[in-house]
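Read through the structure below, which is laid out as structure tokens, and then see the notes.
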Amino acid sequence: MTARRLETITVERAGPVATMTVARPEVRNALDPATIRELDAVLATLEEDEALLAVVLTGGGDEVFVSGGDLKALQQVAGAEAGRRMARATQRVFARLEALEVPVIAAINGAAYGGGTELAAACDIRVATETASFGFKQAKLGIMPAWGLSYRLPRIVGRSTALELLLTGRTLTAREAHEVGFVDRVVGPGAAGEAARELARTIAENPPLSVRLIKQAVLGGRDAPAEAAGVLEAALFGLAWGSEDHDEAVRAFFEKRAPRWTGR
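Position in the sequence shown counted from 1, then plus 84, gives you this note's numbering.
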């Protein structure tokens with residue numbers, strides 16, 4: 085395992101799986117502009133990593149995933165135009181996270197409030213400890229989602245449920261978040277990180293090209309008309325069908341052995 089520690093984010097690498105940890109315990113892992121910039125820099129590095137097959141994103145400690153935006157730091161963002169620029173800058177970073185070619189799994193080890201729910205929503209899969217909670221608190225602070233939640237949450241839980249959560253500012257338990265579809269798996273106390281890494285390792289056992297193409301098809305087709313989504317799916321399927329890894333999978337099946345993937 086290799087590790088890299090920045091000011092607010094730690095990156096650990098174990099084989100084909102990278103784990104990013106937001107580590108700001110003094111403010112319950114709240115996100116400030118410096119942390120967003122570090123996240124952007126880490127993502128730029130991960131985008132170039134051809135050996136990477138999955139990413140886990142979590143918060144430092146056992147009680148908090150991300151408690152939201154760092155309100156003290158964000159108070160320096162004064163006025164409507166500055167707020168708009170801050171929102172757009174953070175949206176671009178979260179979009180970059182979402183657009184990684186490999187799956188991103190959120191390991192939600194505790195409270196996820198406000199911006200923490202926005203960060204979790206930008207991940208592909210969400211695994212939460214049963215002690216986690218999810219607070220959609222923006223309206224109670226006299227604001228609204230700014231980092232993509234207003235359009236990601238309806239895709240995840242449906243329009244009416246998203247509106248209910250955002251308009252009421254409700255806080256959900258992990259079980260409730262699972263019931264509405266925001267959380268994909270609920271695990272025991274303290275187990276979110278390892279459960280997410282185990283899921284990442286399972287994904288990484290599959291051919292790298294297939295993993296990337298499947299994510300591309302799902303993201304590319306989610307808002308497209310059926311015909312356009314079908315065209316995209318067929319084109320990506322053609323790449324997979326003609327790949328060396330598909331040929332290797334067929335050979336390994338008939339030879340009754342484990343396949344050896346090349347990513348081609």
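For every residue, glycine included, the Cβ atom is placed at its ideal position computed from N, Cα and C. The model shown is predicted, which means the values in this text are computed figures rather than measured ones.
Status (buried if at least 16 other CB within 10 Å, exposed otherwise) for residue i
i: P309; result: exposed
i: K340; result: exposed
i: P273; result: exposed
i: R296; result: buried
i: F149; result: buried
i: Q159; result: exposed
i: A230; result: buried
i: G199; result: buried
i: T286; result: exposed
i: T142; result: buried
i: A216; result: buried
i: R243; result: exposed
Close beta carbons around residue i, own chain, < 6 angstroms, minus the five adjacent residues each side
i: A284; result: V101, A138, V140, I189
i: K224; result: G253
i: L250; result: F220
i: E147; result: G194
i: P291; result: D329, W345
i: A183; result: none
i: E332; result: P343
i: R261; result: Note that residue 261 corresponds to Ala in the displayed sequence, not to Arg. For A261, where only same-chain residues beyond five positions count, the Cβ hits under 6 angstroms are F218, V267.
i: I209; result: I189, D268
i: D116; result: D154, A157
i: D124; result: V177
Own chain residues within Cβ distance below 7 angstroms of residue i, not counting five before or after
i: L233; result: T201, E202, A205
i: G305; result: A313, L316, E317
CA-to-CA distance, residue j to residue i, given in whole angstroms
i: V315; j: V186; result: 22 angstroms
i: V106; j: D329; result: 35 angstroms
i: A280; j: A191; result: 6 angstroms
i: M228; j: G277; result: 29 angstroms
i: R269; j: A212; result: 6 angstroms
i: Y197; j: R169; result: 22 angstroms
i: E122; j: V177; result: 10 angstroms
i: I240; j: T129; result: 28 angstroms
i: T245; j: F337; result: 44 angstroms
i: R335; j: C207; result: 34 angstroms
i: S327; j: A162; result: 53 angstroms
i: L127; j: R88; result: 13 angstroms
i: A301; j: V111; result: 38 angstroms
i: G167; j: Q175; result: 12 angstroms
i: T92; j: T119; result: 6 angstroms
i: A258; j: G265; result: 10 angstroms
i: A98; j: E282; result: 11 angstroms
i: Q222; j: E263; result: 22 angstroms
i: E248; j: G226; result: 16 angstroms
Same chain only: Cβ atoms within 8 angstroms of residue i, ignoring 5 sequence neighbours per side
i: G145; result: P109, N113, N193, G194
i: L323; result: L293, L297
i: G347; result: E134, P291, P292, L293, D329
i: A171; result: A230, W231
Beta bridge counterpart(s) of residue i as assigned by DSSP
i: G219; result: Y197, T255
i: I209; result: I189
i: T92; result: The partner list for T92 (beta bridge, DSSP) is empty, contrary to what the question assumes.
i: G143; result: V106
i: R97; result: T86, A102
i: A138; result: V101
i: G153; result: L115
i: R269; result: V211
Chain C within 8 angstroms of residue i, Cβ atoms only
i: G253; result: The displayed structure is made up of one protein chain only, and chain C is not part of it.
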